[in-house]
Amino acid sequence: MLAIVAAGCVSPQLEEDAASDVKVTAKQQSLTDVSVPETVVAGAYHSLMLRRTGQVQAWGQNQYGQLGPASSGVTVVTTPTPVTGLPPVKAIAAGIGHSLALDLDGQVWAWGQNASGQVGMGSAGGTVLVPAKVAGLTGIRNIAAGGNYSLALDEAGQVWAWGQNTAGQVGTGATSVSVPSPMKVAGLPTIRAIAAGLNHVLALDTDGGVWAWGQNASAQVGTGATSATVLVPTRVTNLPRAKAIAAGAGHSLVIEVQFGEVWAWGQNNFGQVGSGSISTTPTFVPTPVSGVSAATSIIAGHYFSMAIMGSGDVKAWGQNTYGQLGNGMTENSAVSVDVAGLGDAKAIAAGAQHVLAMRPGCPVWAWGNNGQGQLGNGTTSSSSTMVQSLLFNTFYFDGDGDGFGDEYITEQACIPSPSFVEKVDCDDYSSTTHPGATEECNGVDDNCDGVVDDGNPGGYLACATGMPGVCSAGTTACSNGRVLCVQNEVASTERCDGLDNDCDGESDENNPGGMQACSTGKLGVCAAGITYCTSSTIHCVQAVAASSEVCDGRDNDCNGLVDEGLLTQTWYRDADGDGYGNSGISMQNCRQPAGYVANALDCNDGNAAIRPGVAEVCDGLDNDCDAQVDEGVMTAFYRDADADTYGVTGSTTLACWQPSGYASRGDDCNDSNASIKPGATEVCDGKDNDCDGSKDEGVKTTFYWDADADGYGVTGTTTLACSKPTGYASRGGDCNDSNPGIRPGASFEPCGRIDWNCDGKTVACPVP
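For reference, each letter of the sequence shown is one residue, going 1215 to 1982 in this note's numbering.
Written out as structure tokens, the structure is:
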């Protein structure tokens, strides 16, 4: 069937081995020689082969362009044709109508039918005739193709899927028509192999456990029952640890680890489970296939199964309508039968009803349905026995007899003619130059890896340079085709080590490392030393000899004591550095210690501004240390009870700052009335408002004696007062103070000799 085996119809473990065997080497002709394991895969009705060079060849049905650009326009191709448009690849896979390839960089390429998005271009529909890189995938190590979907396994053991998802085979947890871009399948442990059935998937984890999901109408997912779908990866139970997996249209296969037995479950309508009987009832529980053990590889066609045995024989069972069991018959078989004439199979692949096998010699043999030319033998005739496909090996003429040939002299054959070999030489004129040869130091690429003299041939051996000192020892190295003796050490500054470091023929000259300060480990002045290079070692030589103790703060006699036994005096701590010391802190010393003075006169050793002899300032402190505070510098303040800023002259206090309730000015004549103070405006109230010793000066009013109480007084008789006294009027000018009718402004002026209104005039009476 399609690529119904892990990574394209090849046993997963073989595929893993193949990936690790990939080699890319540059040849002397500046060409690239790619060497990958050859293998075959089968789609439903088309076939692919991966050549050692990383090239892919294809044949069979091409209705959807699944054979690549070289076969464009042809629906049936009966002979193998190269797939163009691909880089060198290391793995291939095939589905019903699409193909996959994995290049050397771990990127996936796809082409063919894309109705369900199986080519992974981000959209579904149409066909892709030229191989295209699948976006979003890197670091891929394995691929597989199902009916109309695709799988990839990355280096981290994660599975990616895309394409048709009507049965949940893409593993998104739901069904859909298509998933046109790769999606990571969740819910899986680390996976090492994958297999794609028609519409269900198997995955083999690193512990040998098998997981499955997708279509389950025939119990092929291994849940022990049928169901339309299984949408999330589910561990298959009742299985021993497995080492290989394969999936068909409706059945599943594994090889168990211990004995290589093949176990099967799922659809059995053609005997494909190998239980010994054919039944329309599925096999619900994994069951060993009778008579099949020591298997190394398995594949599953649509409705049949095959296994390569350790001997190279191939066993087959299940549907045989087109002779796909290869036993020369067309009867279905529920027990395994031998593929006739096949005892040297290296790999096998199964399509819907045809099989491919790789063998030594002629590389690809095939049998089964050939209606689309999928057997690759140039016909469309089916065969129940093996027929040779029209694929041949390329051999190269080996002119120098070293087992490697000239890439430009070739033959196509099943087995090589005399003097022709399978592998390419980079220089067919020298028998010592070929891939795998021992590299010599000769300026030649002896092993054909594209690098001349790689691995330092002839190098890494001890040798003598002929130079003095440390420069004399060398190691051989291959350079420009010659083995040279390269000194191990270059000349350097001379060190005190007994060696000639600067390679001048002398050792330790000029006292290297000397004349540096060091410590002798002794006491006092004897501790200081100078380094000297002596006998290949740096020694610390005492710089000063012990002497009699002198008053210098040093341990001159090197006994661990400083200035001992000398005449001392008392020194007082001068913490504030003002030249005056604290009598409470003193010490005896033969010399003045730092921070000490000879006097003890300071009254505050925490403030340099406070000391004997400084000017006293009014700050509440004894600044001059005379045991008095603020003497002679305080200000007199006056009691100001009424807070009018003038105080009573006779009630004062001395202070540096104005106390509350005091004023800086005296002379208040009434300290209980804030409106009475020096400078206040004098008002006529019987008080000395401005405290000048006079009351109401300049503010009294003149009043006139008014005997007749007519409101006008006698101008010549006045008094000064703040308010009108009794018997006085505020206006003068009265000309008769004994008659109230006579006054200034009187309104009645009768005739006669009396001046009634005091205007100095009288009114004459008429003469009768």
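Note that CB positions come from ideal geometry on N, CA and C, so glycine has one too. Please read these numbers as outputs of a predicted model, since none were measured by experiment.
As for any alpha helix (DSSP H) of minimum length 4 sitting wholly inside the segment 1525 to 1586, there is none.
According to DSSP, residue pairing for Arg1449 in a beta bridge involves Trp1425. An exposed status is given to Trp1871, since fewer than 16 other beta-carbon atoms sit within 10 Å of its beta-carbon. Under DSSP, Gln1756 forms a beta bridge with Gly1743. The count of Cβ pairs closer than 8 angstroms, one atom from the segment 1747 to 1760 and one from the segment 1774 to 1792, stays below three, leaving the stretches out of contact. By the Cβ neighbour-count rule, Ala1850 is exposed, with fewer than 16 other Cβ atoms within 10 Å of its own. Gly1617 sits away from Phe1609, with the two beta carbons spaced by 8 angstroms or more. Looking at the DSSP output, Phe1518 bridges to Gly1532.
In this structure, the beta-carbon distance from Asp1667 to Gly1695 falls below 8 angstroms. Distance between Met1600 and Pro1632, taken at the CA atoms: about 28 angstroms. Per the coordinates, the alpha-carbon of Thr1647 lies some 12 angstroms from the alpha-carbon of Val1665. In this structure Gly1401 is not in contact with Val1444, their Cβ atoms being roughly 11 angstroms apart against a cut-off of 8 angstroms. When the Cα atoms are used, Ser1392 and Pro1630 turn out to be separated by approximately 49 angstroms. Beta-bridge partners assigned by DSSP to Glu1470: Ala1456. Excluding the 5 residues flanking it on each side, Thr1404 has same chain C-beta neighbours closer than 7 angstroms at Gly1371, Asp1419, Thr1420, in chain order. When C-alpha distances from Gly1680 are compared across Ala1284, Val1638, Val1700, the shortest belongs to Val1700. DSSP links Ile1513 through a beta bridge to Met1520.
Cβ-Cβ distances below 7 angstroms link Ala1923 to Pro1954 in the same chain, with the five nearest sequence neighbours on each side left out; the list follows chain order. Using a 10 angstroms sphere on the CB of Phe1962, the tally of other CB atoms stays under 16, which defines it as exposed. Short of 7 angstroms from the beta carbon of Gln1269, and not among the five residues preceding or following it, lie these beta carbons of its own chain, in chain order: Pro1296. If you ignore the 5 residues before and after Asn1452, its C-beta comes within less than 7 angstroms of the C-beta of Val1499, Pro1500, all in its own chain and listed in chain order. Exclusion of the five residues before and after Tyr1746 leaves Asn1725, Gly1728, His1753, Val1755 as the residues of its chain whose Cβ lies within less than 7 angstroms of its Cβ. Distance between His1260 and Gly1385, taken at the CA atoms: about 26 angstroms.
By the criterion of at least three beta-carbon pairs nearer than 8 angstroms, the segment 1308 to 1318 is in contact with the segment 1278 to 1293. Counting C-beta atoms within 10 angstroms of its own C-beta, Asn1837 has 16 or more neighbours from the protein chains shown and is therefore classed as buried. By alpha-carbon distance to Ala1741, the top candidate from Asp1716, Ser1749, Asp1771, Asp1718 is Asp1771. Counting only residues of its own chain and dropping the five nearest sequence neighbours on each side, Val1342 has a CB closer than 6 angstroms to the CB of Trp1325, Asn1328, Val1333.
From the listed residues Asp1840, Pro1671, Asp1714, the smallest Cα separation to Pro1682 is found for Asp1714. Phe1484 is classed as buried because its beta carbon has at least 16 other beta carbons within 10 Å across all chains shown. Assignment of Pro1283 by DSSP, reduced to helix, strand and coil, places it in the helix class.
DSSP places Cys1685 in the helix class (H, G or I) of the three-state scheme. For Phe1518, the number of other beta carbons within 10 angstroms of its own is at least 16, and it is reported as buried. DSSP, reduced to helix, strand and coil, places Gly1650 outside both helices and strands of the structure shown, so it counts as coil.
Annotation: the segment 1267 to 1322 contains the following complete segments of the beta strand (DSSP E) (minimum length 3 residues), in chain order: 1270 to 1275, 1290 to 1296, 1303 to 1308, 1312 to 1317. Residue nearest to Gly1809 within the set Gly1555, Ser1595, Trp1479, Trp1785 is Trp1785 (criterion: CA-CA distance). Between the segment 1773 to 1785 and the segment 1801 to 1821, the count of Cβ pairs shorter than 8 angstroms is three or higher; the stretches touch.
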